[in-house]
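K.L.:
The structure follows.
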Amino acid sequence: MINRKIIGICRKVTVVALLLCPFASNAEIPRSPIPFYAGVGLGSSSYDYPNNDLESRSVDKSGFYYQLFAGYSFNEYFAIEAGYAVLSELEETIEQEFAGTTDRNVELYRDSTISVDGFRLNLKGSLPINRHFSLYAKAGLFRWNSDHDTVLTVNYFDPEIEDIDRRESVSDSGTDGHYAIGVEGRRDRLSVFIEHELYETETENIYGVNVGIHYVF
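Once you know that position 136 of the sequence shown is 218 in our numbering, the rest is easy, because the numbers rise by one and skip nothing.
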């Protein structure tokens, strides 16, 4: 009698276990109760700078940049994120000749380099498309630092006029806006993304397109 009851219970447990197997196999890996994430992005940034209107002037407005970031997700729709970015340099070179006091033209050479880096703090809003993909937007503040290095050389070719050979370095800082839109793909704890960013400073707007990954702990 006891053996029959035990056999019956075992049969019921076996049937329930078999019914639950498909759900168990499709179950996602449980996430951490503290949904922190961190990642890195690499891309190209470009300065919003006037076009080259002079034949003697050349401007390099774009180049490589990278960012490191970490965030905390309140839910699948909202997160807060902080990051650090090193943006590409803006280089402007002017080489020009004009009439002077001698038969030989005066030669002017000016080279300027602007480099920008800084920290950002954003609120991130996400719109899930399905279980793997979502669109997102970020808005926040960018605490930037910039270094402006200038080399100015003027050769007069006149013994009565002193040539100019000047080097200047100026640093500046401030707080302005940072904005981004992007698309993100997720699988388990790893996500890949592509996004378009805008970094604002007092004198320049810097646009960036980057791809990267982040990992949820």
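Idealized CB from N, CA, C, for every residue including glycine.
Take the Cβ of I246 as the centre, count every other Cβ of all protein chains shown within 10 Å, and call the residue buried at 16 or more, exposed below.
P.N.:
Position 164 of the sequence shown, counting from 1, holds the residue named residue 246. I246 is exposed by the Cβ-count criterion.
K.L.:
Compare the C-alpha of D130 against each of Y119, A120 and S144 and name the closest.
P.N.:
As a first step, residue 130 must be located in the sequence shown, where it is residue number 48. Per the Cα distances, S144.
K.L.:
Assign I288 to buried or exposed, taking buried as 16 or more other Cβ atoms, counted over all protein chains shown, within 10 Å of its Cβ.
P.N.:
The sequence position of residue 288 within the sequence shown is 206, counting from 1. So I288 ends up on the buried side.
K.L.:
Starting from the Cα of L259, find the closest Cα among S197, Q178, D193 and G222 and give me that residue.
P.N.:
Your numbering for residue 259 matches position 177 in the sequence shown. Here residue 259 turns out to be Gly, not Leu, going by the sequence shown. Closest option to G259, Cα to Cα, is G222.
K.L.:
When you compare the CB positions of S253 and D229, do they come within less than 7 angstroms of one another, or not?
P.N.:
On the sequence shown, residue 253 is found 171 positions in, with the first residue counted as 1. On the sequence shown, residue 229 is found 147 positions in, with the first residue counted as 1. Taking 7 angstroms as the Cβ cut-off, S253 and D229 qualify as a contacting pair.
K.L.:
Using only the alpha-carbon positions, how far apart do K206 and Y261 sit?
P.N.:
Counting from 1 along the sequence shown, the entry for residue 206 is found at position 124. Counting from 1 along the sequence shown, the entry for residue 261 is found at position 179. One C-alpha to the other measures close to 10 angstroms.
K.L.:
Considering only DSSP beta bridges, list what F275 is partnered with.
P.N.:
As a first step, residue 275 is located in the sequence shown; it is residue number 193 there, counting from the start. The partner list for F275 (beta bridge, DSSP) reads E266 and G294.
K.L.:
Could you tell me which residues DSSP puts in a beta bridge with A221?
P.N.:
For the purposes of this step, residue 221 is taken as the residue at position 139 of the sequence shown. Answer is L205 and Y261.
K.L.:
Going by C-alpha distance, which of R268, E277, G290 and E282 is nearest E158?
P.N.:
For the purposes of this step, residue 158 is taken as the residue at position 76 of the sequence shown. Nearest option by C-alpha distance: R268.
K.L.:
Per DSSP, what kind of secondary structure is Y238 in: helix, strand or coil?
P.N.:
For the purposes of this step, residue 238 is taken as residue 156 along the sequence shown, with counting starting at 1. Of the three classes helix, strand and coil, the one that applies to Y238 here is coil, per DSSP.
K.L.:
Find out if the Cβ-Cβ distance for the pair S126, V291 is shorter than 7 angstroms.
P.N.:
Numbered from its first residue, the sequence shown carries residue 126 at position 44. Numbered from its first residue, the sequence shown carries residue 291 at position 209. In this structure, V291 lies closer than 7 angstroms to S126 by Cβ.
K.L.:
According to DSSP, simplified to helix, strand and coil, what is T184?
P.N.:
In the sequence shown, residue 184 corresponds to position 102, counting from 1. It is coil, neither helix nor strand.
K.L.:
Beta-carbon within less than 8 angstroms of T283's beta-carbon, same chain only, minus the 5 sequence neighbours each way: which residues are those?
P.N.:
Here residue 283 refers to the residue found at position 201 of the sequence shown. Closer than 8 angstroms at the Cβ level, and outside the excluded window around T283, lie V198, F224, W226, S228, G256 and D258.
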